[in-house]
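Only one structure is covered here, and it is reproduced in the block below.
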Amino acid sequence: DTGVSQDPRHKITKRGQNVTFRCDPISEHNRLYWYRQTLGQGPEFLTYFQNEAQLEKSRLLSDRFSAERPKGSFSTLEIQRTEQGDSAMYLCASSLMPTDAQYFGPGTRLTVT
Amino acid sequence: QKEVEQNSGPLSVPEGAIASLNCTYSDRGSQSFFWYRQYSGKSPELIMSIYSNGDKEDGRFTAQLNKASQYVSLLIRDSQPSDSATYLCAVRNSGAGSYQLTFGKGTKLSVIP
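In order, the protein sequence lines correspond to chains X and E. One rule links them: number in my numbering = place in the first sequence (from 1) + 28. One rule links them: number in my numbering = place in the second sequence (from 1) + 196.
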C-alpha cells in the first residue's frame, strides 16, 4: 500500500506564470484534500473532493486557483498568474470513507520569484 | 473563524521524560481531533485520532480529550531524540458535510539526549 504521492516535489516559477501540481491518493481512498502551508504555520485547507465531486472550497481558494479530480482518482491543482505570496508547500491528503483521518503526501514546494 | 491554539514552544524535555503538548479549539461542535508530527522540511504524519472524551493510548502516545473544556492534549512517554519535531493539533470543522481540518501552528518539541 503506497502512500499519497505528489509531483513535482519542487517547483520554481516566475511571477505571472501558471503552474500545475498533481496528487495521487492512497489506492481506493475516495476523499482527497488540498492544503497550503507556509513557514511557521499549520496547514491551511484549500479544497476537498469526494470521488470526482468538489464538495468544499476555502475562501483562500481565489479565482486564480482551480482544482480537479476528473475520474475520482488523481487530482490536479492549478495556480494561474502566480504571485510571490503563492510561495508555500502545497500538501495533498486522502482519506477513506467513512473514516475522516487524513494522510498527507510529501508536498510540492512552490517558489515564485 | 474557527481557531486552534497551541503553545509554539520550543518545549525541551530530557530523554526518557514525559512530554506534554496542549491544544485548545474554538469550534464547540467539533467531534474529530488529530495529532500530527512534522519533521523539519517534511509533511505532517498522523500520530493519533481521538473522538470521545477521555484518554486514548497507542504505544508511547496518549491523547486526551475534554470537549467541555475544548481541550486536547498529547502525552509522549519515554521521550526519545527521534521524537524531536513539531506537533500539530488538528480539529475537524463541525459544519454539515465538512471534512476541513483546522490546524494549530504547532508546538516544537526538542528531546535532549
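Using N, Cα and C, we set each Cβ at its ideal position, and we do this for glycine too.
Could you list which residues in chain X have their beta carbon closer than 8 Å to that of residue i, in chain order?
i, result
"Lys301/E", "Gly68, Gln69 and Gly70"
"Arg288/E", "Asp128"
"Phe230/E", "Ala129 and Gln130"
By the three-class DSSP mapping on this structure, what secondary structure does residue i have?
i, result
"Ser236/E", "coil"
"Asp274/E", "coil"
"Asp35/X", "strand"
"Gln112/X", "helix"
Give me whichever residues DSSP pairs with residue i in a beta bridge.
i, result
"Tyr221/E", "Val200/E"
"Asp251/E", "Gln260/E"
"Phe102/X", "In the DSSP output, where bridge partners are listed per residue, Phe102/X has none listed."
"Thr298/E", "Val287/E"
"Asp91/X", "Bridge partners of Asp91/X: none, in fact."
"Asp52/X", "Ser33/X"
"Glu72/X", "Arg64/X"
"Met125/X", "DSSP lists no partner for Met125/X."
"Arg43/X", "For Arg43/X, which the question treats as bridged, DSSP gives no partner whatsoever."
Whole-angstrom Cβ separation of residue i and residue j, contact assumed at under 8 Å?
i, j, result
"Ser191/X", "Arg97/X", "The structure shown does not extend to residue 191/X, since chain X spans only 29 to 141, so no value can be given for it."
"Gln246/E", "Phe257/E", "One point to set straight first is that residue 246/E is Ile, not Gln, in the sequence displayed. The pair is not a contact, with the Cβ atoms about 11 Å apart (cut-off 8 Å)."
"Gln130/X", "Leu270/E", "About 17 Å separates the two Cβ atoms, so there is no contact after all."
"Gln34/X", "Gly135/X", "6 Å"
"Pro309/E", "Glu241/E", "That belief does not hold up - the Cβ atoms of Pro309/E and Glu241/E are roughly 22 Å apart, past 8 Å."
"Arg59/X", "Ser123/X", "5 Å"
"Ala95/X", "Thr66/X", "Contact doesn't hold; Cβ gap of about 19 Å is too wide."
"Ser236/E", "Thr303/E", "Contact doesn't hold; Cβ gap of about 14 Å is too wide."
"Cys219/E", "Gly300/E", "6 Å"
"Ser216/E", "Val287/E", "Their Cβ separation, rounded to whole angstroms, is 19 Å, which puts Ser216/E and Val287/E out of contact at 8 Å."
So which residues on chain E does residue i lean against when the C-beta distance must stay under 9 Å?
i, result
"Glu56/X", "Here the premise fails: no neighbours, minimum Cβ distance about 17 Å."
"Leu105/X", "By Cβ distance, chain E contributes nothing, its closest Cβ being about 15 Å from Leu105/X, past 9 Å."
For residue i, return the contacting residues in chain E, with the cut-off set at a CB-CB distance below 7 Å.
i, result
"Pro134/X", "Ser239"
"Arg59/X", "Tyr295"
"Leu83/X", "Gly293"
Using a Cβ-based criterion (distance less than 7 Å to any ligand heavy atom), does residue i qualify as near the ligand MN?
i, result
"Thr298/E", "You won't find the ligand MN in this model; it holds no ligand whatsoever."
Could you work out which residues of chain E lie near residue i, taking near to mean beta carbons separated by less than 8 Å?
i, result
"Phe73/X", "Gln296, Leu297 and Thr298"
"Leu119/X", "Ser239 and Pro240"
Could you name the residues of chain X that residue i contacts, counting a contact when the two beta carbons are closer than 7 Å?
i, result
"Ser245/E", "Ala129"
"Leu284/E", "Gly70"
Less than 8 Å between CB atoms is the rule here; does residue i satisfy it with respect to chain A?
i, result
"Ser226/E", "In the structure shown, chain A does not exist; the protein chains are X and E."
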